[in-house]
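*Asks:* Questions regarding the structure given below will be posed in turn.
There are 2 protein chains.
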Amino acid sequence: MSSQLTIPTLQANVSLKEKTYDILKEAICRMNIYAPDAQLRLDERQLSEQLGISRTPLREALVRLEQEGLVNIIPRRGIFIVRKTKREIVELIIVWAALEGMAARLATQNASAEDIASLRKMFPAFSTGDQPANIDEYSERNIEFHQTILRLGGCGLLVDMADQLFLHVRSIRTQTIGEADRATRSVKDHRQIIEAIEARDTDLAERLVREHALDLAAHIDKNVSYLD
Amino acid sequence: MSSQLTIPTLQANVSLKEKTYDILKEAICRMNIYAPDAQLRLDERQLSEQLGISRTPLREALVRLEQEGLVNIIPRRGIFIVRKTKREIVELIIVWAALEGMAARLATQNASAEDIASLRKMFPAFSTGDQPANIDEYSERNIEFHQTILRLGGCGLLVDMADQLFLHVRSIRTQTIGEADRATRSVKDHRQIIEAIEARDTDLAERLVREHALDLAAHIDKNVSYLD
DNA sequence: TCGATAATTGTGGTATACCAGAGCCCACTG
DNA sequence: CAGTGGGCTCTGGTATACCACAATTATCGA
Chain A
0 MSSQLTIPTL QANVSLKEKT YDILKEAICR MNIYAPDAQL RLDERQLSEQ
50 LGISRTPLRE ALVRLEQEGL VNIIPRRGIF IVRKTKREIV ELIIVWAALE
100 GMAARLATQN ASAEDIASLR KMFPAFSTGD QPANIDEYSE RNIEFHQTIL
150 RLGGCGLLVD MADQLFLHVR SIRTQTIGEA DRATRSVKDH RQIIEAIEAR
200 DTDLAERLVR EHALDLAAHI DKNVSYLD
Chain B
0 MSSQLTIPTL QANVSLKEKT YDILKEAICR MNIYAPDAQL RLDERQLSEQ
50 LGISRTPLRE ALVRLEQEGL VNIIPRRGIF IVRKTKREIV ELIIVWAALE
100 GMAARLATQN ASAEDIASLR KMFPAFSTGD QPANIDEYSE RNIEFHQTIL
150 RLGGCGLLVD MADQLFLHVR SIRTQTIGEA DRATRSVKDH RQIIEAIEAR
200 DTDLAERLVR EHALDLAAHI DKNVSYLD
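Each protein sequence line maps, in turn, to chains A and B. Those letters in the first sequence? Residues 0 to 227, by numbering that gives the first Met the number 0. Those letters in the second sequence? Residues 0 to 227, by numbering that gives the first Met the number 0.
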């Protein structure tokens, strides 16, 4: 038993606009906005009623979402969840490629050996070239892998900006990753990336990460048809 | 550069929150937030009075500014213009380097010959290695140069994100660029960058652009003392 | 019947009043 | 005189009522 009185920080400091923002963001990201029957329109008054709050904090949350590009507020028309066009998705991934490439570069220069080692430990099975058991698990690992590279770069802003971009791609990614051929190829790419970072080969690591991402962009550009 | 916020009164009829946002953003960017006597605190009620509007649209504008990182809203404490730390400035430039590097890469692959030629025409004097007449003009040209590279990449998101980052660095940049030695070096860098893009040398163009930016980051990290 | 126009309705935009927490100040007490 | 406690004030947070414009529908005239 501790001799100190430990207080579980009652910090209910979060304002309604914050909570509302989180809830809406989560809800929007979870839904499949590309389904043909997707309800893209939001009604302020109805939402405020559902959330049990007034329109004011709700609107402030919506303003934030609008600025992030998740939502489009058209004066006197309505509030609409934004459907990204294929072109926008591709641009998103291009920027992602730039960010993760820079992170990989920094990682080879600054990351500790232990941190880099953690990268390989994340893929006990994959590193031998095996195909992952199930797609869902792989998808999660995949996300985790890329986020780890971002973190190894040691540049917080790089991580934050990539996270924000990632929001928009999430619903696409899970659908695209499902193709078997791409999964095996992806595993191979990852192994090479890890090796390059371990070898502290800055240029190679950057190039592999960038090409891996741009390859996804090209794939989407060519094969995804349900956009636009 | 004034350390005080100067707010013109508006009485517009369209989208007060938009106009307010623009005015505040402009005002914050114009002031020297690193002056010792800078007034960093904003008062909602006082501002709304000066602008001739109510607090509601003003708050929505402030929420946007907060999300962009220009302002920090602390519940029941106040609203404060954010002073970036040196570390944050450096990270900003690192991300900038990644974005512009990618743009340069894309420019060598996709930009038309005419567009690339426009890059060189922007610097009739500089391309011969001469030092610019005055610092202010050079600073403007410098900004224009980098924004043009971003644009040549043909990726709109790259341009938008870089612009947003640029907001935060503007007040720093004008002060840093003033050092004579750096200006001459900068001109030389620019010439090399143009040549690389003209030669469609993707890797070289990317490297030069990246190193040019990271060089600024390193310079700020070592020599700027009025941050933190 | 068709078209133009006017009334209605529904949406986001704005103004305002009130709420609650954080700091500050001052009186009170030891 | 110093420390403490309470209340006053100032701040952002929230609720609500009203406004202006756009889309729609109803109505009237040709």
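Just so you know, even glycine gets a beta-carbon here, dropped at the ideal spot from N, CA and C. Predicted model only: the values in this text are computed from it and were never measured.
1) Which residue comes first and which comes last in the beta strand (DSSP E) that contains residue 71 of chain B?
2) What's the call for residue 141 of chain A, buried or exposed, on a 16-neighbour Cβ count within 10 Å?
3) Is it a yes or a no for the segment 85-93 of chain A touching the segment 28-44 of chain A, going by three-plus beta-carbon pairs under 8 Å?
4) Can you look up residue 40 of chain A in the DSSP assignment and give me helix, strand or coil?
5) Listed from N- to C-terminal order along the chain, which residues in the segment 26-55 of chain A have their beta-carbon within a distance smaller than 9 Å of any beta-carbon of chain B?
6) On the CB-based measure, 16 or more other CB atoms within 10 Å of its CB, does residue 104 of chain B come out buried or exposed?
7) State yes or no: is the C-beta of residue 156 of chain B within less than 8 Å of the C-beta of residue 90 of chain A?
8) Given that a residue counts as buried once 16 or more other Cβ atoms are within 10 Å of its Cβ, and exposed if not, what is residue 7 of chain B?
9) Classify residue 138 of chain A as buried or exposed, calling it buried when 16 or more other Cβ atoms lie within 10 Å of its own Cβ.
10) Let me check one thing: in DSSP terms, what residues is residue 165 of chain A bridge-paired to?
11) Report the neighbours of residue 66 of chain B on chain A: residues whose CB is nearer than 9 Å to its CB, in chain order.
12) With a threshold of 8 Å between beta carbons, is residue 126 of chain B in contact with chain A?
13) What do you reckon, are the CB atoms on residue 72 of chain A and residue 65 of chain A nearer than 8 Å?
14) With 9 Å as the limit, tell me which residues of the segment 64-93 of chain B have their beta carbon closer than that to any beta carbon of chain A; keep them in chain order.
15) Could you check whether residue 106 of chain B and residue 152 of chain B sit closer than 8 Å to each other, using their CB atoms as the reference points?
16) What does the Cβ neighbour count give for residue 58 of chain B, buried or exposed, with the cut at 16 atoms within 10 Å?
17) Which two residues bound the contiguous alpha helix (DSSP H) that contains residue 92 of chain A?
18) Taking the C-alpha atoms as reference points, what is the distance between residue 192 of chain B and residue 162 of chain B?
19) Are the C-beta of residue 97 of chain A and some C-beta of chain B separated by less than 8 Å?
20) With DSSP as the reference, label residue 79 of chain A as helix, strand or coil.
21) What residue from A:31, A:220, A:14 and A:144 has the CA that sits closest to residue 116 of chain A's CA?
22) Any idea if residue 122 of chain A is buried or exposed, counting beta-carbon neighbours within 10 angstroms, 16 or more meaning buried?
23) Taking only three categories from DSSP, how would you classify residue 27 of chain A?
24) Output, in sequence order along the chain, the residues in the segment 137-165 of chain A whose CB is closer than 8 Å to any CB in chain B.
25) Since I believe residue 69 of chain A is in contact with residue 81 of chain A (beta carbons under 8 Å), could you give me their beta-carbon distance rounded to a whole number of angstroms?
26) Rounded to whole angstroms, what is the Cα-Cα separation between residue 208 of chain A and residue 221 of chain B?
27) From the DSSP output, in three-state form, read off residue 46 of chain A for me.
28) How far does the alpha helix (DSSP H) with residue 35 of chain A in it reach, from first residue to last?
29) Give the interface partners of residue 14 of chain B over in chain A, defined as CB-CB distance under 8 Å, in chain order.
30) Looking only at C-alpha atoms, which of B:200, B:164, B:214 and B:165 sits nearest to residue 182 of chain B?
31) In angstroms, rounded to a whole number, what distance separates the CA positions of residue 195 of chain B and residue 205 of chain B?
32) Just the chain A side, please: which residues come within less than 9 Å of residue 199 of chain B by C-beta, in chain order?
33) Residue 211 of chain B and residue 188 of chain B look like a contact to me (Cβ under 8 Å); what is the Cβ gap, rounded to whole Å?
34) Does residue 225 of chain B come out as helix, strand or coil in the three-state DSSP assignment?
35) Can you say whether residue 63 of chain B is buried or exposed, counting buried as having 16 or more other CB atoms within 10 angstroms of its CB?
36) Alpha carbon to alpha carbon, how far is residue 120 of chain B from residue 147 of chain B?
*Replies:* Working from what's here:
1) Here residue 71 of chain B refers to the residue found at position 72 of the second sequence. Per DSSP, residue 71 of chain B is one residue of the beta strand (DSSP E) stretching across 70-73.
2) Walking along the first sequence from the start, residue 141 of chain A turns up at place 142. The residue is buried, with at least 16 neighbouring Cβ atoms inside 10 Å.
3) Segments in contact, no.
4) Start at 1 with the first residue of the first sequence, and residue 40 of chain A comes out as number 41. Strand at residue 40 of chain A.
5) Hits within the stretch, in order: 55.
6) As a first step, residue 104 of chain B must be located in the second sequence, where it is residue number 105. Residue 104 of chain B is buried by the Cβ-count criterion.
7) Residue numbering aside, residue 156 of chain B sits at position 157 when the second sequence is read from its first letter. Residue numbering aside, residue 90 of chain A sits at position 91 when the first sequence is read from its first letter. In contact: residue 156 of chain B and residue 90 of chain A (Cβ atoms closer than 8 Å).
8) Position 8 of the second sequence, counted from the first residue, corresponds to residue 7 of chain B. Because the pLDDT at residue 7 of chain B is just 40, under 50, the model does not fix this residue reliably, and the value given afterwards should be weighed accordingly. It counts as exposed.
9) Counted from its first residue, the first sequence places residue 138 of chain A at position 139. Under the 10 Å beta carbon count, residue 138 of chain A is surrounded by 16 or more other beta carbons and is classified as buried.
10) Taking the first residue of the first sequence as 1, we reach residue 165 of chain A at position 166. Looking at the DSSP output, residue 165 of chain A bridges to nothing.
11) Translated into positions along the second sequence, residue 66 of chain B becomes position 67. Correct list: 62, 63, 66 and 67.
12) As a first step, residue 126 of chain B must be located in the second sequence, where it is residue number 127. In this prediction, residue 126 of chain B has a pLDDT of 46, which is less than 50 and means its spatial position is unreliable; what the coordinates show is noted afterwards. Under the Cβ distance rule, residue 126 of chain B does not count among the residues neighbouring chain A, no pair being separated by less than 8 Å.
13) What you label residue 72 of chain A is simply residue 73 of the first sequence in a count that begins at 1. What you label residue 65 of chain A is simply residue 66 of the first sequence in a count that begins at 1. In this structure, residue 72 of chain A lies near residue 65 of chain A, with their beta-carbon atoms less than 8 Å apart.
14) Here the close residues are 65, 66, 67, 74, 86, 87, 89, 90, 91 and 93.
15) Position 153 of the second sequence holds residue 152 of chain B. Position 107 of the second sequence holds residue 106 of chain B. Yes, the Cβ-Cβ distance between residue 152 of chain B and residue 106 of chain B is below 8 Å.
16) Taking the second sequence and counting its residues from 1, the one referred to as residue 58 of chain B is at position 59. Buried.
17) The residue given as residue 92 of chain A occupies position 93 in the first sequence. Note, residue 92 of chain A: alpha helix (DSSP H), 85-109.
18) Working through the second sequence from its first residue, we reach residue 192 of chain B at position 193. Working through the second sequence from its first residue, we reach residue 162 of chain B at position 163. Straight-line Cα distance between these residues: approximately 20 Å.
19) Locating residue 97 of chain A in the first sequence gives position 98, counting from the first residue. Yes, because at least one Cβ of chain B sits closer than 8 Å to the Cβ of residue 97 of chain A.
20) By one-based count along the first sequence, residue 79 of chain A stands at place 80. DSSP places residue 79 of chain A in strand when its eight states are reduced to three.
21) Counting from 1 along the first sequence, the entry for residue 116 of chain A is found at position 117. Comparing alpha carbon positions, the residue from A:31, A:220, A:14 and A:144 closest to residue 116 of chain A is A:144.
22) Along the first sequence, read from residue 1 onward, the residue named residue 122 of chain A stands at position 123. Classified as buried, residue 122 of chain A has 16 or more neighbouring CB atoms from the shown chains inside 10 Å of its CB.
23) What you label residue 27 of chain A is simply residue 28 of the first sequence in a count that begins at 1. Residue state, collapsed to three classes: helix.
24) So the close ones are 154, 155, 156, 157 and 160.
25) Locating residue 81 of chain A in the first sequence gives position 82, counting from the first residue. Locating residue 69 of chain A in the first sequence gives position 70, counting from the first residue. Contact flag correct, Cβ pair sits at about 6 Å.
26) To locate residue 208 of chain A, count along the first sequence from 1; it is residue 209. To locate residue 221 of chain B, count along the second sequence from 1; it is residue 222. Each residue's Cα considered, the two are about 30 Å apart.
27) Counting from 1 along the first sequence, the entry for residue 46 of chain A is found at position 47. Looking at residue 46 of chain A - three-state DSSP - the assignment turns out to be helix.
28) Looking up residue 35 of chain A in the first sequence gives position 36. First-last for residue 35 of chain A: undefined, no H or E at that position.
29) Indexing the second sequence from 1 puts residue 14 of chain B at position 15. Ordered by position in chain A, the residues that pass the 8 Å Cβ test against residue 14 of chain B are 74.
30) Working through the second sequence from its first residue, we reach residue 182 of chain B at position 183. When only C-alpha atoms are compared, the closest one is B:214.
31) For the purposes of this step, residue 195 of chain B is identified with residue 196 of the second sequence, where counting begins at 1. For the purposes of this step, residue 205 of chain B is identified with residue 206 of the second sequence, where counting begins at 1. Taking the Cα positions, residue 195 of chain B is about 9 Å away from residue 205 of chain B.
32) Your numbering for residue 199 of chain B matches position 200 in the second sequence. In chain order: nothing, as chain A lies at least about 18 Å away.
33) Here residue 211 of chain B refers to the residue found at position 212 of the second sequence. Here residue 188 of chain B refers to the residue found at position 189 of the second sequence. Confirmed, about 5 Å.
34) Indexing the second sequence from 1 puts residue 225 of chain B at position 226. Reduced to three states, the DSSP call for residue 225 of chain B is coil.
35) Here the question's residue 63 of chain B lines up with position 64 in the second sequence. When all chains shown are included, residue 63 of chain B counts as buried.
36) Looking up residue 120 of chain B in the second sequence gives position 121. Looking up residue 147 of chain B in the second sequence gives position 148. Approximately 12 Å, taken between the alpha carbons.
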